[in-house]
Every structure is written in C-alpha cells, then in structure tokens.
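Notes follow the structure.
Residue numbers (mature numbering (1 follows the signal peptide of the UniProt record, and there is no 0)): -17 to -1, 1 to 248.
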C-alpha cells in the first residue's frame, strides 16, 4: 500500500476505545475540630457510627460558660426599671406640658416650678432612652455568651460515618486539633485524567458508566471537566459523579471509564 493511501486509511479509521483509571473520592471527607480550648467532658460517637447533620460528636466542659449565659439571661430579662421608667414618663410628661401652659399665663405658676417639672420630664425621658440602649447591649452580650458555650460542642456539619475519633474524655482539647474524622460517601465522584482530545468529546452532565475495580459497574454523570490541560502530560482532569446510597462502593477504590481515543492510562 502506498504511504499516502496508508495515511488516509489511518485518518479515516475510528479511534479505539481505551480504559482510563482514576480514584473514587467521597463527597465529604472532613477533619473536625473546635476553635476553643477545654477539657473533654463527653465523646458521643465511635468509629463506624452513622451520624446525622447537627448531631453532637464531642462536648467540652461548659459549666462556667453555662453559668455566665444564665447570668446574662437574668440581666436581659430584668425589665423592672425599664417598665417603671416608662410609667413615670407617662406621669411627668403631662405635668410638664401643663406647667408650660401655666407658666405662659402671668402669675399662674412660678418659673422655678415650671423649670422643675420640665427638668424632671427631660431626666425621665433620658433615663428611659439609657435603659432601652442598655437592654440592647444586654441581649447582645447574652448572644455572645450563648455562642461561647456552643463553641464547646463539636457537631456534625453533614450526615456521614465517623471514621476516626482522636480524643477521649478528660483530655485537653486544643484549637484546631482534629477530634473526629467524618466521611459522607452517599455520593461519590471518580477523578480521572484523560487526553485533551477525549475530554473535548465529553459534555457536562453526560451519562458515563464507571466500572469499580473488582466490583460492579455504576451509572454516573460527568460533573466537572477541567478547563486547564496539564502542559507536561497533555491530560485533563474529569470528574464523574454517582450515587452510593447503600455504601457498596468505598472511597479510595479504583474506577475505570471507557472512552474513545488514546492509549490506556
């Protein structure tokens, strides 16, 4: 066969399908810690346990913070002086208005008495404003006390399975130290690097089966196609997302997708 004819034949031939291997990753793989120090009072979970979003995992000793929160709540709830000042204002305001009218009438009321009523009204009104501002501050301080106490509770941000507990009751917890590792494997995604030419044939959301190494084949969809091609290898990262409600596929497994074009990777 002539060289030109051979080249034409190769160019017209369809690209061969190739297998591309990647690693399966969990939707969430979290290392959880607290932003404060304290003594661990309770560890509420153990490795392998399923937890729901918002479930308590680790509790620090919060007795001092609970007392401070109670003190702030008592202050914020005490409105006795505020209510008394409101009632006083209802009394002194009309008296001040009447005193102004009488002072305007010659000889009906001395200027000193009128001024005394006016000052009483001004002082009561000012005290009421002061108490109202104080209650706003006390409510803010109560919220800060509540937040300070809640920061001593490590809760699950998402539903998942506890894979590691790194602290025990009575130990001293430091800010940022990992206490619990949590994995949500209900949804997985395969990360695989493929040639740029093969990546250009894919579309976001495209159905793409994934063969799990040593296991079943699951139905996935393309969830990400990197807009960047690696200059050294000429490969593009692609992610294929699939549901894993029964937890049959373990994160870290190898997954294989079959695509047209290029040698196996």
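The beta-carbon is built from N, C-alpha and C at its ideal position, and this holds for glycine as well.
Ordered along the chain, which non-local residues of its own chain (more than five positions away) have a Cβ less than 6 Å from that of residue i?
i, result
"residue 239", "2, 4, 194"
"residue 222", "172, 174, 206, 207"
"residue 149", "161, 162"
Does DSSP classify residue i as helix, strand or coil?
i, result
"residue 45", "coil"
"residue 327", "As displayed, the chain neither begins before -17 nor continues past 248, which places residue 327 out of reach and without an answer."
"residue 102", "helix"
"residue 27", "coil"
"residue 122", "helix"
"residue 110", "helix"
"residue 185", "coil"
"residue 222", "strand"
"residue 97", "helix"
"residue -10", "Residue placement at residue -10 cannot be trusted, given a pLDDT of 41 that sits under 50; the coordinates are not used to answer."
"residue 160", "coil"
For the beta strand (DSSP E) that residue i lies in, which residues bound it at each end?
i, result
"residue 81", "Note, residue 81: premise wrong, no beta strand (DSSP E); alpha helix (DSSP H) at 63 to 87."
"residue 206", "200 to 208"
"residue 214", "Careful: residue 214 lies outside any beta strand (DSSP E) and carries neither H nor E."
"residue 145", "143 to 148"
"residue 256", "An answer regarding residue 256 cannot be provided, because it is not within the stretch -17 to 248 covered by the chain."
"residue 193", "190 to 195"
"residue 92", "Note, residue 92: premise wrong, no beta strand (DSSP E); not H, not E."
"residue 249", "Any property of residue 249 remains undetermined from this structure, which presents the chain solely from -17 to 248."
Taking the continuous alpha helix (DSSP H) assigned at residue i, which residues delimit it?
i, result
"residue 182", "179 to 182"
Please work out which residues of its chain come closer than 8 Å, Cβ to Cβ, to residue i, disregarding the five sequence neighbours upstream and downstream, and give them in chain order.
i, result
"residue -12", "Per-residue confidence for residue -12 stands at a pLDDT of 39, beneath the threshold of 50, marking its modelled position as unreliable; no derived number is given."
Assuming residue i and residue j form a contact by the criterion Cβ under 8 Å, report the distance between their Cβ atoms to the nearest whole angstrom.
i, j, result
"residue 28", "residue 145", "5 Å"
"residue 140", "residue 13", "7 Å"
"residue 52", "residue 132", "5 Å"
"residue 50", "residue 24", "In fact, because the Cβ distance is near 15 Å, the residues do not count as touching under 8 Å."
Say whether the region 199 to 218 touches the region 166 to 180, bearing in mind that this needs 3 or more beta-carbon pairs closer than 8 Å, one atom from each stretch. yes
Could you tell me whether the region 78 to 91 touches the region 24 to 38, using the rule of 3 or more Cβ pairs below 8 Å? no
With a threshold of 8 Å, are at least 3 pairs of Cβ atoms found where one atom belongs to the region 122 to 135 and the other to the region 93 to 101? no
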